[in-house]
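Residue numbers for the sequence shown follow UniProt numbering, so the first one is 1 and each next one is one higher.
Here is the structure we will look at.
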Amino acid sequence: MGDSLPNVFFPATVQGNVVRFNGPHIGGYASLERLFGGQTAAQIEKAARTLHPECVVLTVKVNFIGPGNVRDPIDYVGTDIPETDFLIFDVWQNEKQIASGKVRIGRSSDLMQPMISVAPKAKNPLFYPTVTECMRAHKDDSPWTLLTFIANSTLFETRPIDFEHFSFQRDQSEPLVIWFRLRPPFLDLLPKVDGQTVAVMLSDFIVPQPAFINLIRNGSRGDMERCASLNHIVTFHTVDDIDPYGWFLYESSCNSHSMNRFLVETKIFDSKGKSLLCSLQEGVALKEQM
1 MGDSLPNVFF
11 PATVQGNVVR
21 FNGPHIGGYA
31 SLERLFGGQT
41 AAQIEKAART
51 LHPECVVLTV
61 KVNFIGPGNV
71 RDPIDYVGTD
81 IPETDFLIFD
91 VWQNEKQIAS
101 GKVRIGRSSD
111 LMQPMISVAP
121 KAKNPLFYPT
131 VTECMRAHKD
141 DSPWTLLTFI
151 ANSTLFETRP
161 IDFEHFSFQR
171 DQSEPLVIWF
181 RLRPPFLDLL
191 PKVDGQTVAV
201 MLSDFIVPQP
211 AFINLIRNGS
221 RGDMERCASL
231 NHIVTFHTVD
241 DIDPYGWFLY
251 ESSCNSHSMN
261 RFLVETKIFD
271 SKGKSLLCSL
281 QEGVALKEQM
């Protein structure tokens, strides 16, 4: 995954209204061979800034249409909607549309500031052990299958505030709170990246986790073995001075399930408690492997 990270941040080509990102890409939760939806959302946001460098991105909405692979180039075809602040993106890979997106652009003064958005209370990130360290120290390995993807990911270092809650071993209705940062081994290998792209990817990184927790809390654990995102909405609160290599405080909860669908709400703060973005993601729970 380390080799794929620079490709997330920098387009390979820009021809007219088509922004292309080459592989290799980042694999997702369901399969390392299946394109990570957070990369798609982040690259739609990046493509909008590439086509309109004079503007900032205010909101991003992504509809996932079909699975992409981690090998082949992806084209983001942008279309300005006349006399509006909106762009429509069609996302193509191997002549198949895998996603669509709608982006609202504007000025920094147009960013939607939260009326009340207080960062959850948390100690210094290094006070909390990583997921891998927690798994090594814990005797009960029953939830490890679900946590292996997160522990083995080379994208983000993950330090949950409450591992018992994070690993489905204690019933708790409070939001899931986690410290994240890009994995240290790859930081020196990356060219300069931007914090917006990192924050958007993070908003999608462990979206199954709060959904699993909500199902377990309601006695329906067996109803979800895998999941897939249907759509993802990101609203930025700030776009300035987001440290891509710093710590991000992630707060997420899932309180809505209908049949096999769920909604996950997420807030992301920087290490000083400044609100960066909020997101709402709809997914579908699957019993069988996708």
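From the three backbone atoms N, C-alpha and C, an ideal C-beta is built for every residue, glycine too.
As assigned by DSSP and simplified to three states, the class of residue i
i: C254; result: strand
i: C55; result: coil
i: P208; result: helix
i: T238; result: coil
i: V91; result: strand
i: P160; result: strand
i: F166; result: helix
i: N110; result: A quick correction: the sequence has Asp, not Asn, at residue 110. Helix at D110.
i: A99; result: strand
i: F10; result: coil
i: I213; result: helix
i: L202; result: helix
Residue-level contact to chain C via CB, residue i, 8 Å cutoff
i: E157; result: Here chain C cannot be found, since the structure has a single protein chain.
Alpha-carbon spacing of residue i relative to residue j, whole angstroms
i: P175; j: G16; result: 43 Å
i: residue 293; j: K46; result: Because the chain here runs from 1 to 290, residue 293 falls outside it and cannot be looked at.
i: V131; j: T50; result: 36 Å
i: R261; j: R217; result: 16 Å
i: T158; j: Q169; result: 18 Å
i: L126; j: E265; result: 25 Å
i: V207; j: I242; result: 22 Å
i: F156; j: A285; result: 24 Å
i: V118; j: N94; result: 44 Å
i: F86; j: I105; result: 6 Å
i: G283; j: G28; result: 14 Å
i: V103; j: M201; result: 16 Å
i: S252; j: N124; result: 19 Å
i: V56; j: Q113; result: 14 Å
Own chain partners of residue i with C-beta closer than 7 Å, once the 5 adjacent residues on each side are dropped
i: H232; result: G37, A41, V62, D204, S279, Q281
i: A151; result: V131, T132, M135
8 Å Cβ shell around residue i - same chain, five flanking residues per side excluded
i: V18; result: D75, Y76, V77, G78
i: I98; result: L35, T40, F64, I65, G66, P67, G68, I74, V91, W92
Residue range of the unbroken beta strand (DSSP E) whose run includes residue i
i: F36; result: Note, F36: premise wrong, no beta strand (DSSP E); not H, not E.
i: T79; result: 74-80
i: R20; result: 18-21
Cβ separation of residue i and residue j, assumed to be a contact under 8 Å, to the nearest whole Å
i: D240; j: S108; result: 7 Å
i: T238; j: L58; result: Rounded, the Cβ-Cβ distance is 11 Å, inconsistent with contact.
i: H70; j: G23; result: The sequence given here places Val at residue 70; His does not occur at that position. That belief holds up - the Cβ atoms of V70 and G23 are roughly 6 Å apart, short of 8 Å.
i: S275; j: K267; result: 7 Å
i: S167; j: L147; result: 6 Å
i: L277; j: A199; result: 6 Å
Heavy atom of the ligand MN within 7 Å of residue i beta-carbon
i: E83; result: Annotation note on the ligand MN: not contained in the displayed structure, which lists no ligands.
Boundaries of the alpha helix (DSSP H) in which residue i is found, first to last residue
i: E83; result: Per DSSP, E83 belongs to no alpha helix (DSSP H) and is neither H nor E.
Proximal residues to residue i (C-beta, below 6 Å), its chain only, five neighbours per side dropped
i: G246; result: S271
i: F9; result: V193, T197
i: F89; result: I44, Y76, G78, G101
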